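The structure appears right after this line, and notes come after that.
Below, the structure is given as structure tokens:
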């Protein structure tokens, strides 16, 4: 969603057909996020009470009760919530039509990320069953998500709203790594690729790849604006 918003912003003069295509892509991405989120919610009966035969909890009984339990429940409640709230916050139409609600939901989002998603994700990363490589990847993801939320909140307080939108777009991209992770895992299952390296790889690529694409669009957008400004200045100078 954030990537599509950035793509739209890099070319305000695009044709109507292109804008329609971007709207369709936004809809598809939104549906994917909602479907994956509700797939997580459907697993709640396995978590309350904990069913240690379920996929995610398999083998975690030895250390589940205690600090991990609190981190786990905080994560599975706040994670889906931030994904759903983020859909509204990433919508330009929603922001322009309901600015007051945008501010309220934005505060809720930042509080959830900083007080629940980030610390719980960081703690759970120490118990990643796929090994240290995956654990470090998830810990780095948790840190980066919290950092983006903090920078986004700070820029909003300073009324630097363009910078604020960039940081919160990054934050939502990182939150959506949970969606990318599940889609990638499903793709590996469908294609019959089952190896020890797939999950550690996905633990990193699920957030680094979308973030890299977003930053590439940011760079492209800045270069496009710079070229347009120079061209416009040149035309004015020669008239």
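Residue numbers (this note's numbering): 1238 to 1476.
Using N, Cα and C, we set each Cβ at its ideal position, and we do this for glycine too.
In this text, all values refer to a predicted model and were calculated from it rather than measured experimentally.
Counting C-beta atoms within 10 angstroms of its own C-beta, residue 1323 has 16 or more neighbours from the protein chains shown and is therefore classed as buried. Three or more beta-carbon pairs separated by less than 8 Å are not found between the segment 1279-1298 and the segment 1380-1392, which leaves the two stretches without contact. Judged by DSSP in its simplified three-state form, residue 1364 adopts coil rather than helix or strand.
In this structure, the straight-line span from the alpha carbon of residue 1330 to that of residue 1412 is close to 21 Å.
With a beta-carbon spacing of about 7 Å, residue 1406 and residue 1451 fall inside the 8 Å limit used to define contacts. Between residue 1437 and residue 1374, the CB-CB gap stays under 8 Å. Annotation: residue 1291 is outside any alpha helix (DSSP H) and is labelled neither H nor E by DSSP. In this structure, residue 1439 sits away from residue 1428, with a CB-CB distance that is not shorter than 8 Å.
Contact check for residue 1301 against residue 1282 fails: the beta carbons are separated by 8 Å or more. For the 8 Å CB-CB criterion, residue 1355 and residue 1379 form a contact.
One alpha carbon belongs to residue 1370, the other to residue 1261, and they sit about 37 Å apart. One alpha carbon belongs to residue 1327, the other to residue 1341, and they sit about 14 Å apart.
Judged by their CB atoms, residue 1278 and residue 1317 are nearer to each other than the 8 Å cut-off. Listed in chain order, the non-local C-beta contacts of residue 1418 below 6 Å within the same chain comprise 1439, 1443, local neighbours out to five positions each way being set aside. Taking the CA atoms as reference points, residue 1393 sits about 28 Å from residue 1256.
With distances taken between CA atoms, residue 1338 lies nearest to 1325 out of 1325, 1347, 1350. If you check the CB distance, residue 1315 and residue 1349 come in under 8 Å. Here residue 1439 carries a helix assignment [DSSP, helix/strand/coil]. At the C-beta level, residue 1381 and residue 1353 stay beyond 8 Å of one another.
Apart from the 5 residues on each side of it in sequence, residue 1362 sits with its Cβ closer than 7 Å to the Cβ of 1372, 1375, 1376, 1379 in its chain, given in chain order.
Linking residue 1285 to residue 1308 through their CA atoms gives a straight-line distance of about 14 Å.
Less than 8 Å separates the beta-carbon of residue 1410 from that of residue 1448. The alpha-carbon of residue 1269 is positioned some 8 Å away from that of residue 1416.
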